[in-house]
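In terms of our numbering, the sequence shown opens at residue 22 and continues consecutively.
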Amino acid sequence: LAPPYTVPVVVHVISAEDGRGDVSDRRIRDQIDVLNRAYRGDYARGSEGTDTGFRFELSAVTRHADNAWFGDFNRHRETIRSRLRQGGPETLNVYTTALDSGLLGYSTFPQSYANHPAQDGVVIAYDTLPGGERDRFNEGHTGTHEVGHWLGLFHTFQNGCQSPGDYVDDTPYEREAAAGCPKGRNSCPHLPGKDPVTNFMNYSDDLCMTHFTQGQARRMIDHWAAFRGSDAR
Ligand code: ARG
Ligand code: ZN
Ligand code: CA
């Protein structure tokens, strides 16, 4: 299984009937560009980070102006996803909508595709797309982060300072989520390495996030091969 791992993307825009949340094709393309830059390693500084080998290709955009869906996506999420979802396990379905304040996005994991194929996908708040109104979270890395979950990654602070942490060897242990962009934080001082504050799988500000590690790339490729990529089917 060799790179690139090309992921077809279908974006479903759930908006209000007055046009709120009806993000433009331009901003959807910008979000896909951010995904490609992030997964190629373009935001990394110095020797950190890697090209994960994943590439994203927009294949369709569907639009739905519906006040009930936009007003409470979570209440309607099973209906919405089973009506709109396209493609097989390899197709990334992204739903943009309004989410409760504080919630930026969420995702399903590769393992759940087999039992709940129609629910598979990523939900992101529409104002987190690049150039959106969400303060500190409008560079498009909510998309980057949620797609990390969709490809099998946990948060860097998963299991705190306890083994097995996030199941990735080259991300140091971390007691809890980072907020903002704390410099030099070391929340598991008895264990090697400072907190992975600038990792895409943390909760830091978008402008603070720079990379996935090689271990995370390996985990995503393994999950792609096992659950999503063409040789999995
Ligand atoms: N809190 C969300 C989650 O757990 C997303 C966090 C995204 N962070 C960001 N800087 N955009 O999936
Ligand atoms: Zn997350
Ligand atoms: Ca780790």
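We put the beta carbon where it would ideally sit given N, CA and C, even for glycine.
6 Å Cβ shell around residue i - same chain, five flanking residues per side excluded
i, result
"L113", "V28, V30"
"A238", "T71, T73"
"R157", "D226"
"D187", "F175, T177, Q179"
"H244", "P131, L172, G173"
"G62", "G70, T71, D72"
Backbone CA spacing between residue i and residue j [nearest angstrom]
i, j, result
"R70", "E197", "Note on residue identity: the sequence assigns Gly, not Arg, to residue 70. The straight-line gap from Cα to Cα measures roughly 21 Å."
"V34", "V144", "10 Å"
"R206", "D191", "17 Å"
"E211", "F233", "The residue you asked about is not Glu; residue 211 is His in the sequence shown. Rounded to whole angstroms, H211 to F233 spans 24 Å at the Cα level."
"R155", "H162", "12 Å"
"M241", "T177", "14 Å"
"Q52", "V168", "12 Å"
"F94", "S133", "20 Å"
"G142", "V115", "6 Å"
"I101", "W90", "8 Å"
"R254", "G152", "Residue placement at R254 cannot be trusted, given a pLDDT of 47 that sits under 50; the coordinates are not used to answer."
"R249", "Q107", "14 Å"
"R76", "A23", "12 Å"
"Q183", "G236", "18 Å"
"D39", "A59", "33 Å"
Supposed contact pair residue j and residue i - C-beta distance, whole angstroms, cut 8 Å
i, j, result
"T165", "V82", "With a Cβ gap of about 19 Å, T165 and V82 do not count as contacting."
"R84", "D43", "7 Å"
"W171", "T129", "7 Å"
"V48", "L150", "Per the sequence presented here, residue 48 reads as Arg, with Val not at that position. Correct: roughly 5 Å between the Cβ atoms."
For residue i, the first and last residue of its enclosing alpha helix (DSSP H)
i, result
"E99", "94–105"
"Y60", "46–61"
"G164", "162–171"
"G292", "This structure cannot speak to residue 292, because the chain is shown only from 22 to 254."
Cβ-based neighbour list, residue i, same chain, cut-off 7 Å, excluding 5 preceding and 5 following
i, result
"D216", "P193, E195, A199, R206, N207, S208"
Bounding residues of the beta strand (DSSP E) (the contiguous stretch that carries residue i)
i, result
"E197", "Here E197 belongs to no beta strand (DSSP E), and DSSP marks it neither H nor E."
"A37", "Segment: none, A37 is in no beta strand (DSSP E) and carries neither H nor E."
"R84", "75–86"
Cutoff 8 Å; reference residue i; Cβ partners in own chain excluding five residues on either side
i, result
"R50", "L79"
"C202", "V218, T219, S225, D226, L228, C229"
"G126", "L120, V143, V144, I145, A146, T149, T163, G164, H166, E167"
Exercise answer, beta-carbon shell around ligand 3 heavy atoms below 5 Å: G186, D187, V189, T192
Check your reading: residues with Cβ closer than 6 Å to ligand 1 heavy atoms: L125, G126, Y127, F158, H162, T163, H166, E167, Y224, S225, D226, D227, M230
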